[in-house]
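Report on the following structure.
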Ligand code: SF4
Ligand code: F3S
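Numbering (the working numbering), first residue to last: 2 to 112.
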């Protein structure tokens, strides 16, 4: 099993999860992070660290729909091992519904 990042992360991207992860298995898109399912050791320490409550286990009802997206983009986005500055408007995007269909970016993070 693995943990996954859900759509609540989109445009929030606080990155507290990155600072918490002992195996650096987060990957960074332009406005969302994902977890590499083969690298996550299922420790669970990232889940309570996310201010946007965006992390779930893969078998959780809120996590399962995002398993494929995490697996896909973990292969094409760059690894992120250190927390960066969140977007200026991160707080305003917390809990906004349907962020995946309206503002998700498939682009990798700018280097
Ligand atoms: Fe990293 Fe543990 Fe979270 Fe997996 S569950 S992403 S290993 S902190
Ligand atoms: Fe996203 Fe939460 Fe991490 S908003 S970047 S999953 S701390």
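Quick reminder that beta carbons are idealized off the backbone N, C-alpha and C, glycines included.
Sorry if obvious, but does the Cβ on residue 85 come closer than 7 angstroms to a heavy atom of the ligand F3S?
-> Working through the chain shown from its first residue, we reach residue 85 at position 84. Not under cutoff, so the answer is no.
Cα-Cα separation between residue 84 and residue 16, rounded to whole angstroms = For the purposes of this step, residue 84 is taken as the residue at position 83 of the chain shown. For the purposes of this step, residue 16 is taken as the residue at position 15 of the chain shown. Near 5 angstroms, if we compare the C-alpha coordinates of residue 16 and residue 84.
Beta carbon of residue 25 nearer than 8 angstroms to that of residue 80 | Here the question's residue 25 lines up with position 24 in the chain shown. Here the question's residue 80 lines up with position 79 in the chain shown. Closer than 8 angstroms, so yes.
Thinking C-alpha only, which one of 44, 112, 91, 109 is nearest residue 11?
-> Position 10 of the chain shown holds residue 11. For the options 44, 112, 91, 109, the alpha carbon positioned closest to that of residue 11 is the one of 91.
Check whether the Cβ of residue 17 sits closer than 7 angstroms to any heavy atom of the ligand F3S, and report yes or no.
-> As a position in the chain shown, residue 17 is number 16, starting the count at 1. With a cutoff of 7 angstroms, residue 17 counts as near the ligand F3S, since its C-beta is closer than that to a heavy atom of the ligand.
Can you pull the DSSP bridge partners for residue 80?
-> Position 79 of the chain shown, counting from 1, holds the residue named residue 80. In DSSP, residue 80 forms a bridge with 28.
The ligand SF4 heavy atoms versus the CB of residue 119: any closer than 7 angstroms?
-> Outside the shown range of the chain (2 to 112) lies residue 119, about which nothing can therefore be said.
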